[in-house]
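Chains as they are written, first to last, in my numbering: chain A, 1 to 349; chain B, 1001 to 1349; chain C, 2001 to 2349; chain D, 3001 to 3349.
Where is the CB? At the ideal position from N, CA and C, for every residue including glycine.
Have a look at the structure below, then the notes.
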């Protein structure tokens, strides 16, 4: 049986290693994909570093990773699908049952039995991957393979920016300028937002957000975002508050700078309960707050793909580093430094 | 100059007293109304008891009260209005400027310079009242005067139930069964909701909610609402969570029993910051959360009036006590006991 | 191979006949269902009568019919489904591919390659039926089998009533009181509508609509719906206009009695182009108009099922006749007379 | 009493003339405005030419015109307003009562008693104008006076583009490339639309639309828009169809090239009833159709102002001609030729 290289957590401890395993076989309803590019998410760093969350959630040994683009090599038996051998696909991370109440109501991304690729089951940091055909997104071949891989996190940004409203003629405050936050700035810019404030504590990431579309960047270590934003909005506050970090102090800042009647999109994953001033921050303000999980399947992907195809979001700026997968240690070190946008790896190198 | 009786906070201390003052004169843009019925809100009890919030907000001496219905006796000079002498009007409590950004965008209820009647300015616990004509709601004469007065709090319920969605074919959990919560149960029932859970710690109020439309009532002192609701919904949780109490523990319960993709309406006023499990309660669940303040002007009133006119909400059950205003002390004691629905007073008696 | 009875169009001419054919075998992705009850749609009458539309669309020989409820006897090979042998299922008529743009965006009911059961492929007027598992709706066993079958047309009503809005506190005009129109009246009633006008030219059907929830019925042959409705709404018109007939004159009436800013739901299938006063009926009125096709999959079914389960729509009134399938000729004659609600047939009798 | 020049229809016949009349005095609730720039709408051309519509609607003598920007000179007695002397204002054409059902529900633009400035009452083609203070829009002083005047028709475009949806990542077909259509192209471009098709029979106007944002322009005299658009969308059709002409053949084209599930915005004013293929163009397609009248007060103005302030819509391209009002005859001739964008006149010259 043919073998392949994969990047795996082989034991419950920090780090990861390249292993050699059998190339998997697609079962009914599945595709076999040869990965051309994979990219690293913040979640992968948690797994790599083996923090508390990873220890409680991940079962080793496991190939991890969930952002990828690759070529369909084979289609499993009795598989009804629109995907064809030779298609270049990306993948939705949320693997869904398709028939629970939530799936039937168009909420497949929060399926009752959802499994996350590379977290709850085998991931994509490998030369080959089998995947349910109904989680495949077929890319136009004109797109760069690295950008195809980065569509998944771009999808998080699209989902957060547009859930419950749009941004035309609106002011937006984005807290957290990792790749998703930087993408959000670009998406807002492309969709008619006016003031786009971006906050972070890393100048590298603030520069990234600025280059992609933020109109004002604020280093929260150096300046108080609340003061700055209120001053820049005639003390009205912003129309839209996007939380893309999960850091506890941001919620207080965000609900302060949100104007009455405004909209909040919460994507970040806070580690603990956060004390919220519900009365002044939400109730009296008549705020609308949207929790965001993953991407709408497939509405979010459609919007992301269209914005990409038209060049409205410049992925070339977002992808800042490229490595052969064999140099994964270097890639993860850069990710940990915060001095990067999206980092892509080539699994066959 | 003619005199009238009024119920006023005459000094910064618990209690209130009946005083005699001049009948006010309507200025430009104003109406003079002879109150036929007024009703007591929980906020009035805070003012009466002179709690911390009242001490910080209310300036004595002041006539308080904001729920009323009365007859228009006179229209101020140069007043452009649809209201006519002889009309029987209720009043929107949120007095708005009509031209700030929020007013112009149809959010008059959260006007930048909003003033609340009976809190920030003279209230309605009096034989006569002057009011801006643009806060008057003209009632059909077929309605009982007591029910007209209670439309204002019913409006809070309408606003909370329908903001961001509707309830047809949906399960709803209402926390807090004061008059607003009990009204919410009736409104849900009339609008196609299926399971309607109502929670409180007062059996009196649970009975009120049940009589008005709740399908299941749970005394939170005796049973755990989380266990009960999850069991009754096949462990799915409810479609809609309505917070109408402001008690801190409810938020944790509510975001637990809300199903993924569900909707929360937050009307209650929590005294302090509340620790919220944003990650599991909102983000991963893709919850939609709506802060609710007052009533939409006039969309909420239209819906309330129509539900009332058709007998879809039985106000006869909600109004449990009626007093001459001279017996206000007795009325407030009953309010404080929790053993009441809406209490109406007649200012001319 | 075992045989079954089926009601089929055997040749391109009016009528139909009972034939004996092989019981079908479920392929991959399919279920075999033993039909317990089927019901007759207006479309089936067109096919039976072999009108122009039927001649252009239907290829004989074909078993027709698309409303049914039955027991799952067998599941095809390699079928991933939540359905189990022994489940009692109804069926969505719109058979969808699941992966075209429209399916991916949650619009499976208007799938690019949609096929309608009993029109474009084999129907349900037979003892057994094979169906794609992803078009099966599993019923609670507490429901009467005849009501399960009638859920499909009830779904058309749910879809039309709620597409683009709801009806709480609103006035509604329903044109066409066949089973779908009568159901719409019941759904509006259960969901907080106030005035519910129902129009038809058959007194039988007007009575049906009235018994199910219409507050005013108007025989359009005897009275002018425009005059009647305008008089009954203080010349304002109704909030919602539902077209459930397809008769050309209704569109003019409906857009006249729709209030400015109102909503129209168009379900009826007009035979030809209809002259519309777009300027006064839609543009100046700022009307919102929603074309309705089939049912949202599965949002509409969920709502319908919940309204049924709670007894909010009384299907007992809607199903007016029951026949063994052998007496199909009698059943179709009654359908053609207009003096019926929903007619159910038992395929095994 | 001081006099001013005005451009008026002095008799029921084609043409208009400059007259001298008293400067009007603002009454209660009114402003006196000194017009700095006015602009010509297609409606003004109908009035100028005295076509059938004008003959039936306009009562001479009357000063016409409704697009303007000017300085507030005086505020009428007892006027509660946010507007100050010295403010530079534009005006909403739809003069509304503020208290009918439609006004109360946030639909002031279709007020039961709406009067259109320059059509139902005195217009703005004059050195001075009195106007209800509640129809004034205060401009930022950074904006060019000509662009302030053109905000009103830009508002029609904003309203049509965004009513019932947005355009991010969507394809749009705009029929009619007068100033409103050309603006719509710019607004779509600024708000994330992908393909933007613009149709007209004037090459001048197609060039205007192209320069402002259309990605493809089609001269409907030379090529069939249906064929062209279907070919350019892989036979899917567009997501959004905007009708901005009122020409009868467009409706058929538009509902053909609209994709299933798509959205139509109808702004154009068709002279007669139009035969519509409701069944295939709306019902089976599950199309959503929005009639558009004027501008939402003030939501539309807010969006327009923000897009303008940010330079997202380049009004410099839209305003193609400027004249002293004394040369009105020349201005109207150019308007009639179709070879213009927006034409501005200076009333004091």
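Check	Outcome
Given that a residue counts as buried once 16 or more other Cβ atoms are within 10 Å of its Cβ, and exposed if not, what is residue 2124(C)?	buried
With burial defined as no fewer than 16 other Cβ atoms inside 10 Å of the residue's Cβ, what is the status of residue 331(A): buried or exposed?	buried
Residues of chain D with a CB under 8 Å from the CB of residue 2275(C): which are they?	3273, 3274, 3275 and 3276
Using 8 Å as the limit for Cβ to Cβ distance, is residue 3285(D) near chain C?	yes
Anyone know if the C-beta pair for residue 196(A) and residue 220(A) falls short of 8 Å?	no
Nearest-angstrom Cα distance between residue 3036(D) and residue 3337(D)?	26 Å
From residue 3170(D) to residue 3190(D), what does the alpha carbon distance come to, in whole angstroms?	12 Å
Return the residues of the region 1095 to 1128 of chain B that lie within a Cβ-Cβ distance of less than 8 Å from chain D, sorted by chain order.	1097, 1098, 1099, 1100, 1101, 1104, 1105 and 1106
Can a CB atom of chain A be found closer than 8 Å to the CB of residue 1290(B)?	yes
Checking the sheet assignment: what are the DSSP bridge partners for residue 3121(D)?	3117(D)
Any Cβ of chain A within less than 8 Å of the Cβ of residue 2215(C)?	no
In whole angstroms, what separates the C-alpha of residue 110(A) from that of residue 3238(D)?	30 Å
Output, in chain order, the set of chain C residues within a Cβ distance shorter than 7 Å of residue 1135(B).	Under the 7 Å cutoff, chain C gives no residues; its nearest Cβ is about 21 Å from residue 1135(B).
Quick check on the burial criterion: 16 or more other C-beta atoms within 10 angstroms. Buried or exposed for residue 1009(B)?	buried
Can you say whether residue 84(A) is buried or exposed, counting buried as having 16 or more other CB atoms within 10 angstroms of its CB?	exposed
Residues of chain D with CB under 9 Å from residue 1028(B), in chain order?	3028, 3078 and 3080
Just reading off the beta strand (DSSP E) that residue 2031(C) is part of, what are its end residues?	2030 to 2039
Output yes if chain D places a C-beta closer than 8 Å to the C-beta of residue 302(A); else output no.	yes
Using only the heavy atoms of the ligand NAP, determine whether one of them is closer than 7 Å to the beta carbon of residue 102(A).	Ligands are entirely absent from the displayed structure, and the ligand NAP is therefore not among its contents.
So what's residue 2257(C) in DSSP terms, helix, strand or just coil?	helix
Where residue 3280(D) and residue 2025(C) are concerned, what is the direct C-alpha to C-alpha distance, given to the nearest angstrom?	35 Å
Which ranges would you report for the alpha helix (DSSP H) in the region 2221 to 2257 of chain C if only whole runs of at least 4 residues count?	2225 to 2232 and 2248 to 2257
Enumerated in chain order, which unbroken segments of the beta strand (DSSP E) with a length of 3 residues or greater are wholly contained in the region 1057 to 1102 of chain B?	1067 to 1075 and 1088 to 1091
Among residues of its own chain, excluding the 5 on either side of residue 3264(D), which ones have a beta-carbon nearer than 8 Å to its beta-carbon?	3240, 3241, 3242, 3243, 3254, 3255, 3258, 3287, 3288, 3289 and 3290
Would you tell me roughly how many angstroms separate the C-alpha atoms of residue 2075(C) and residue 2131(C), rounded to the nearest one?	10 Å
Please list the residues of the region 2260 to 2271 of chain C that have a C-beta atom closer than 9 Å to any C-beta atom in chain D, keeping them in chain order.	2260, 2261, 2264, 2266, 2267, 2268, 2269, 2270 and 2271
Counting only C-beta atoms, is residue 35(A) closer than 8 Å to chain B at any point?	no
Give me the chain B residues within the contact set of residue 52(A), using Cβ-Cβ distance strictly less than 8 Å, ordered along the chain.	Those within 8 Å of residue 52(A) in chain B number zero; the least Cβ separation is about 14 Å.
Could you tell me the distance, in whole angstroms, from the CA atom of residue 1236(B) to the CA atom of residue 1230(B)?	6 Å
I'd like to know whether the C-beta of residue 1307(B) is nearer than 8 Å to at least one C-beta of chain C.	yes
If we ignore side chains and look at the alpha-carbon of each, how far apart do residue 2216(C) and residue 2198(C) end up?	6 Å
Under 8 Å between C-beta atoms, does residue 2297(C) make it to chain D?	no
Select from 1021(B), 1342(B) and 1165(B) the residue whose C-alpha is nearest the C-alpha of residue 1062(B).	1021(B)
Taking residue 3100(D) as the reference, give the member of 1004(B), 1151(B), 1081(B) and 1051(B) with the closest Cα.	1081(B)
Assuming residue 3325(D) contacts residue 3007(D) (C-beta within less than 8 Å), just tell me the rounded distance between them.	6 Å
Is the beta carbon of residue 1274(B) less than 8 Å from the beta carbon of residue 1251(B)?	yes
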